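J.: Count the sequence shown with our numbering and you get residues 4 to 378, in order.
Virtual Cβ for every residue (Gly too), placed ideally from N, Cα, C.
Since the model is a prediction, treat every value here as computed from it, not as a measurement.
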Amino acid sequence: MSNIKMVDLKGQYEKIKSEIDNAIKNVIDSTAFINGSEVQLFQKNLEKYLGVKHVIPCANGTDALQIAIMALNLKPGDEIITVSFTFVATVEVISLLGLKPIFIDVNNDDFNLNDDLLEKAITPKTKAIIPVHLFGQCADMENILKIAKKYNIKVIEDTAQALGTDYTFSNGEVKKAGTIGDIGTTSFFPSKNLGCFGDGGALFTNDDKIADTIRMYANHGMKVRYYHQTIGINSRLDTIQAAVLNVKLKYLNNYSIARQNAANHYNVELKNVDFLETPDLAPNSTHIFHQYTLKTKNINRDNLQKYLQETGIPAMIYYPVPLHLQEAYKYLGYKIGDFPVTEELCKRVISLPMHTELTSEQLYFITNTLKKYKE
Ligand SMILES: *Cc1c(COP(=O)(O)O)cnc(C)c1O
4 MSNIKMVDLK
14 GQYEKIKSEI
24 DNAIKNVIDS
34 TAFINGSEVQ
44 LFQKNLEKYL
54 GVKHVIPCAN
64 GTDALQIAIM
74 ALNLKPGDEI
84 ITVSFTFVAT
94 VEVISLLGLK
104 PIFIDVNNDD
114 FNLNDDLLEK
124 AITPKTKAII
134 PVHLFGQCAD
144 MENILKIAKK
154 YNIKVIEDTA
164 QALGTDYTFS
174 NGEVKKAGTI
184 GDIGTTSFFP
194 SKNLGCFGDG
204 GALFTNDDKI
214 ADTIRMYANH
224 GMKVRYYHQT
234 IGINSRLDTI
244 QAAVLNVKLK
254 YLNNYSIARQ
264 NAANHYNVEL
274 KNVDFLETPD
284 LAPNSTHIFH
294 QYTLKTKNIN
304 RDNLQKYLQE
314 TGIPAMIYYP
324 VPLHLQEAYK
334 YLGYKIGDFP
344 VTEELCKRVI
354 SLPMHTELTS
364 EQLYFITNTL
374 KKYKE
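#1: Within its chain, find whatever has a CB closer than 6 Å to the CB of S194; leave out the 5 residues flanking it on each side and keep chain order.
#2: Mind checking which residues open and close the alpha helix (DSSP H) that includes H268?
#3: Can you say whether V227 is buried or exposed, counting buried as having 16 or more other CB atoms within 10 angstroms of its CB?
#4: I want to check one thing, is the minimum distance from the CB of A71 to the heavy atoms of ligand 1 below 8 Å?
#5: Here's the rule I'm using: 16 or more other beta-carbon atoms within 10 Å means buried, otherwise exposed. How should N63 be labelled?
#6: Can you tell which of N209, L348 and T362 has its C-alpha closest to the C-alpha of T296?
#7: Examine the Cβ distances between the region 42-60 and the region 243-251 and report whether three or more of them are shorter than 8 Å.
#8: Which whole-angstrom value describes the C-beta separation of L381 and T299, a residue pair presumed to lie in contact below a C-beta threshold of 8 Å?
#9: What does a CB cutoff of less than 6 Å around A26 pick up in its chain, not counting 5 residues either side in sequence?
#10: Touch check for the region 119-127 and the region 93-103: three-plus C-beta pairs under 8 Å?
#11: Can you give, in chain order, each stretch of the alpha helix (DSSP H) that sits fully within the region 279-323 and has at least 4 residues?
#12: Do I132 and L116 have their beta-carbon atoms positioned less than 9 Å apart in this structure?
#13: For Y229, is the classification buried or exposed, using 16 other Cβ atoms within 10 angstroms of its Cβ as the cut-off for buried?
#14: Could you name the residues of the same chain whose beta carbon sits closer than 8 Å to that of I147, not counting the 5 residues immediately before and after it, in chain order?
#15: What residues in its chain sit with their C-beta under 7 Å from that of S33, if we drop five residues either side in the sequence?
#16: Near L361, what residues of its chain come up, given a Cβ to Cβ distance below 7 Å and the 5 sequence neighbours on each side ignored?
#17: Can you have a look at N275 and say buried or exposed, based on whether 16 or more other CB atoms are within 10 angstroms of its CB?
#18: Are there three or more Cβ pairs, one per stretch, closer than 8 Å when the region 197-207 is compared with the region 173-187?
#19: Could you check if F192 belongs to the surroundings of ligand 1, using beta carbon to heavy atom distance under 8 Å?
#20: Enumerate in chain order the residues of its own chain whose CB-to-CB distance from K56 is below 6 Å, with the five nearest sequence positions on each side excluded.
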């Protein structure tokens with residue numbers, strides 16, 4: 004079996020090639036490369052898909068997080084609570100803005116922020132919480148919102164890995180990930196569930212005032228052209244990327260189903276493998292499997308990864324080193340043992356190939372190869 008990829012962007016593109024090529028060609032013909040009509044159209048389409056009042060497109064998911072935090076107008080030294088088990092971008096922007104990241108541990112079952120630990124981490128300086136909807140399922144937003152409200156703290160959802168995930172409240176109300184807190188952010192990096200052909204990102208909010216502030220910060224701190232109210236940045240989604248996203252958004256739900264089908268195969272076939280634990284499903288969230296992440300049990304995870312790679316099966320470790328133990332974040336003063344669940348997960352997790360084009364033959368090859376592993 005050859006040609007199993009971690010992510011198969013080429014196979015996905017081939018299926019909608021003429022639609023995409025036309026969309027790109029139309030932008031080139033128009034030469035409206037910045038702020039062309041496809042950008043407003045994508046904004047409207049995504050607002051409708053998510054059921055949110057405002058989508059503000061920007062240049063990438065890291066900028067989206069940075070702009071979201073800028074829009075809160077915090078002071079140096081203010082604290083933002085988030086997790087150490089995430090992609091670095093979540094934490095990087097907090098530090099860059101002169102604010103202080105405060106980590107809390109995650110759940111062993113769904114890998115998301117452990118909201119039971121949230122209240123203890125809150126101080127008078129806490130101004131925001133950033134739950135990360137890791138690997139495709141939602142953190143427990145209902146409880147996070149309840150605590151945030153009690154202490155008057157803003158909630159920014161990092162939705163880079165969960166665009167399209169549904170969260171159900173105890174009263175039955177269903178909302179899309181990213182539209183639940185004060186601000187949601189996402190990324191359209193090519194390998195994300197909704198990926199463009201370069202960099203892209205967006206912010207979401209239902210609050211008109213926050214939306215205005217976000218637009219101002221993303222556009223050089225101006226509301227009226229050449230009148231700068233504040234120090235902003237330049238962060239735009241370019242028209243070609245918006246045109247690609249307008250085509251691909253139509254297929255996002257089908258893409259999620261394809262990922263769920265692949266995950267289902269993995270779950271069924273690997274359930275009884277004694278050195279693996281299949282992923283747990285969060286009770287109030289759907290799972291769109293940005294990653295399919297297993298936990299290894301009583302084996303050397305890195306040897307398993309090597310074995311898979313030698314058999315032609317790519318497998319990745321998301322994430323090998325928690326952020327609180329990274330060189331760059333030493334200054335925060337955390338040490339080994341501070342977040343035991345996070346640290347344990349970093350040693351045990353392994354992610355299998357996950358994309359929309361996996362064939363049944365490939366899936367069986369992967370799971371049969373895994374079952375044959377002996378240490
Ligand atoms: C990908 C990702 C980002 C950053 O998105 P970019 O578009 O690459 O800047 C932020 N947070 C998480 C959790 C991500 O997975």
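T.: For this structure:
#1: On the sequence shown, residue 194 is found 191 positions in, with the first residue counted as 1. Excluding residues within five positions, the ones whose Cβ falls inside 6 Å are V10.
#2: Taking the first residue of the sequence shown as position 1, residue 268 is located at position 265. Counting along the chain, the alpha helix (DSSP H) containing H268 begins and ends at L255 to L273.
#3: One-based indexing of the sequence shown puts residue 227 at position 224. Exposed: under 16 other Cβ atoms inside 10 Å.
#4: On the sequence shown, residue 71 is found 68 positions in, with the first residue counted as 1. Incorrect: A71 has no Cβ contact closer than 8 Å to ligand 1.
#5: As a working mapping, residue 63 is identified with position 60 in the sequence shown. So N63 ends up on the buried side.
#6: Counted from its first residue, the sequence shown places residue 296 at position 293. For the residues N209, L348 and T362, the minimum Cα distance to T296 belongs to L348.
#7: Taking 8 Å as the limit for Cβ pairs, the verdict is that the region 243-251 does touch the region 42-60.
#8: Any property of residue 381 remains undetermined from this structure, which presents the chain solely from 4 to 378.
#9: What you label residue 26 is simply residue 23 of the sequence shown in a count that begins at 1. The residues A246 and V250, in chain order, have a CB closer than 6 Å to that of A26 in the same chain once the five nearest residues on each side in sequence are set aside.
#10: By the C-beta criterion, the region 119-127 is judged not to be in contact with the region 93-103, since fewer than 3 inter-stretch pairs fall below 8 Å.
#11: Counting only runs of 4 or more, we get 304-313.
#12: On the sequence shown, residue 116 is found 113 positions in, with the first residue counted as 1. On the sequence shown, residue 132 is found 129 positions in, with the first residue counted as 1. The Cβ atoms of L116 and I132 lie closer than 9 Å to each other.
#13: What you label residue 229 is simply residue 226 of the sequence shown in a count that begins at 1. It counts as exposed.
#14: Residue numbering aside, residue 147 sits at position 144 when the sequence shown is read from its first letter. Closer than 8 Å at the Cβ level, and outside the excluded window around I147, lie L116, D118, L121, I132, P134, V158 and G184.
#15: Residue numbering aside, residue 33 sits at position 30 when the sequence shown is read from its first letter. So the list reads G39, once near-sequence residues are dropped.
#16: Taking the first residue of the sequence shown as 1, we reach residue 361 at position 358. Here L361 has A265 as same chain residues with Cβ atoms under 7 Å from its own Cβ, once five neighbours each way along the sequence are excluded.
#17: The count along the sequence shown starts at 1 and reaches residue 275 at position 272. Here N275 is exposed, its C-beta having fewer than 16 other C-beta atoms within 10 Å.
#18: Three or more beta-carbon pairs drawn from the region 197-207 and the region 173-187 are found closer than 8 Å, and the two stretches are therefore classed as touching.
#19: As a working mapping, residue 192 is identified with position 189 in the sequence shown. Result yes, Cβ under 8 Å from ligand 1.
#20: Residue 56 sits at position 53 when you count from the first residue of the sequence shown. Correct list, in chain order: N209.
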